[in-house]
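Residue numbers (the working numbering): 7 to 356.
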């Protein structure tokens, strides 16, 4: 229904308090997961040298920075503070760059899974090569800084600042942000489509492989939660500029989307981190008090998670074929084929 044109001034709530409380609660939950997961990754050499877990580390740090700075940002708005321009620039830069790095890291994680499933031999020789995983994570941060620096360091940006650091500062460069999100979305969708095709070709992704199907469903739902709110916010802005919706409707929808997106950050450590049995086992060793998490998260992982006696054997066979150990009973060609099927199956299930 088109909005009526009225000249009477009305106060439109921006729900700053709601955004502050949601950010603070989400930050507190994510801080707990950061402490147990990231400390475990840094402590165990096998984890900190693997690209998959290094990317999880960067994803959690990015989300923690975003939610922590969101809490500070909306609290100073609630207090009607007037920070200096440099302080406002610092907050906006951290918010935009951390949000961009979340999506960039998800994109790299999708490419990482694509390489692991579709090119297992080549992936196994490069994913743990030296400091490459950490260099890749640092590269995503550098790329994530491009958008905020290009927007905030423009010559006319200093003249536009009036001492109020609010959400208007975050609305700059909407077109660039949508293009960035669109490119990342296309790459993620392409990667997962190729993973699905390869999984069906190898026969490891079918109706009887409940773990693989559950993994694809969880990852797809989590990615939708990350990506769709950005497009919805853009559509709401366009509808408001065309006077097709009221500003009250736009603000209410925006705060609901923000709460949905922020709370989704609390699920990411489970979907991308604790569902991986290698990480969950090490978390139990590092933090024995968190061993109950394995029982709680059992439904999200493979059906035979509590029965781990078969898993070491499967992984042993995978490692043996990756390093091309001789097998006296199988021909070399069958051995090469076995590695692709086994390693792809493990990657799909995790």
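Backbone N, C-alpha and C define an ideal beta-carbon position, used for all residues, glycine too.
- In the three-state reduction of the DSSP assignment, residue 176 falls in the helix class, which pools H, G and I.
- One alpha carbon belongs to residue 169, the other to residue 254, and they sit about 25 angstroms apart.
- Secondary structure at residue 114: helix, using DSSP grouped into helix, strand and coil.
- In this structure, the beta-carbon distance from residue 278 to residue 62 falls below 8 angstroms.
- When DSSP states are grouped into helix, strand and coil, residue 249 belongs to the coil group.
- Within the same chain, Cβ atoms closer than 6 angstroms to the Cβ of residue 129 are found at 121, 122, the five residues on either side in sequence being excluded.
- The alpha-carbon separation between residue 94 and residue 249 amounts to approximately 30 angstroms.
- In the structure shown, residue 85 falls within a coil segment according to DSSP collapsed to helix, strand and coil.
- Here residue 149 is near residue 110, since their CB atoms are less than 8 angstroms apart.
- When 154, 261, 144 are compared, the shortest CA-CA separation from residue 96 is found for 154.
- The C-beta distance from residue 236 to residue 187 rounds to 5 angstroms, short enough to fall under 8 angstroms.
- Exclusion of the five residues before and after residue 139 leaves 57, 60 as the residues of its chain whose Cβ lies within less than 6 angstroms of its Cβ.
- Annotated as proximal: residue 103 and residue 151, with beta-carbon spacing under 8 angstroms.
- With fewer than three CB-CB distances shorter than 8 angstroms, the stretch 47 to 54 does not count as touching the stretch 71 to 83.
- Per the coordinates, the alpha-carbon of residue 45 lies some 28 angstroms from the alpha-carbon of residue 223.
- Approximately 6 angstroms separates the beta-carbon atoms of residue 69 and residue 108; this is inside 8 angstroms, confirming the contact.
- Residue 204 is classed as buried because its beta carbon has at least 16 other beta carbons within 10 Å across all chains shown.
- The shortest C-alpha to C-alpha distance from residue 285 to any of 43, 295, 125 is the one to 43.
- One Cα belongs to residue 240, the other to residue 178, and the distance between them is close to 12 angstroms.
- If you ignore the 5 residues before and after residue 105, its C-beta comes within less than 7 angstroms of the C-beta of 72, all in its own chain and listed in chain order.
- By the neighbour-count definition (other C-beta atoms within 10 Å, threshold 16), residue 289 is a buried residue.
- Residue 125 sits in coil when the DSSP states are folded into three classes, being neither helix nor strand.
- In the assembly as shown, residue 225 is a buried residue. Its beta-carbon has 16 or more other beta-carbons within 10 Å.
- With 16 or more other Cβ atoms inside 10 Å of its own Cβ, residue 64 counts as buried.
- In the DSSP assignment, residue 153 falls within the alpha helix (DSSP H) that extends over 152 to 158.
- Between residue 275 and residue 66 a beta carbon distance of about 6 angstroms is seen, short of the 8 angstroms cut, so the two are scored as contacting.
- Classified as buried, residue 126 has 16 or more neighbouring CB atoms from the shown chains inside 10 Å of its CB.
- Between residue 176 and residue 234, the CB-CB gap reaches or exceeds 8 angstroms.
- DSSP, read as helix, strand or coil, puts residue 80 in helix.
- Here residue 106 carries a helix assignment [DSSP, helix/strand/coil].
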